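Sequential numbering of the sequence shown, starting at 1, is according to full-length UniProt numbering. The beta-carbon is built from N, C-alpha and C at its ideal position, and this holds for glycine as well. Note that the coordinates shown come from a computational prediction; the quantities given were computed from them, not determined experimentally.
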Amino acid sequence: MGNYYLDIETTGLDEVENKITTIQYVELERGTGKQLGELTILKEWELGEEGMLRKFIEDSPISNKYDFGFVPVGYNLGFEHKFLLEKSSRYNLFPITILSRPCIDLHSIGILMNKGEFRGSGLDKLTGKSHSGSPVIHWYDVKKYDEIENYIKNETTEFIKWYVWLHEKLPELRIRWERKLN
């Protein structure tokens, strides 16, 4: 089973009208959530959108027939799902689906950690992530690609730090809950 942190950046929120500008992923250790290997950042400005999707399909285990060969781990994976499925279909590529396979989406945990409130449950509010992704669209428009890459690296580091922490703390909560049940 391969757990992979997965995220994308886009030029907007509409999967039909806007494009994917980056796809980033890295394998995570199953029992601890720790990063295994180097973060891969596929960039539209180097490969084009179709080329970036092709490389993701070819170089990652996303197209593996064994669904557990690529288990996406992320925050609000529905966003990645709608973009990756729309764009892979548009280019007649292997259909990249996230939600029709095993996946780990931490968005629900973020909402629960925020007392059940959606507002204020962004990854930038729950981790040491420097800010939301809203400036990425502008950086892309003005070709500040280094800023985008720095943002992606920071976001990945902070997500994984939180994911590792959850791996350590949530089993303790399960034990406390099981005691309460008995």
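Under the three-state reduction of DSSP output, L42 falls in the strand class. Here G110 has S121, L126 as same chain residues with Cβ atoms under 6 Å from its own Cβ, once five neighbours each way along the sequence are excluded.
Here the region 155-166 makes no contact with the region 44-64; the two share fewer than three CB pairs at distances below 8 Å. Residue environment for D7: buried (at least 16 other C-beta atoms within 10 angstroms of its C-beta). In the same chain as M113, and ignoring 5 residues on each side of it, the C-beta atoms closer than 7 Å to its own belong to L126, in chain order. With distances taken between CA atoms, E9 lies nearest to H81 out of G37, R101, Y66, H81. The DSSP assignment places complete beta strand (DSSP E) segments of no fewer than 3 residues inside the region 17-76 at 20-28, 35-43, 71-74, in order along the chain. Spatial neighbours of E15 in its own chain (CB-CB distance under 6 Å, excluding positions within 5 residues in sequence) are listed in chain order as K82, F83, E86. The residues Y145, in chain order, have a CB closer than 7 Å to that of W45 in the same chain once the five nearest residues on each side in sequence are set aside.
Closest by C-alpha distance to L123, out of L99, G74, K143, is G74. Contact between the region 26-43 and the region 91-103 is not established, with fewer than three Cβ pairs separated by less than 8 Å.
Between P61 and G33, the alpha-carbon positions lie close to 18 Å from each other.
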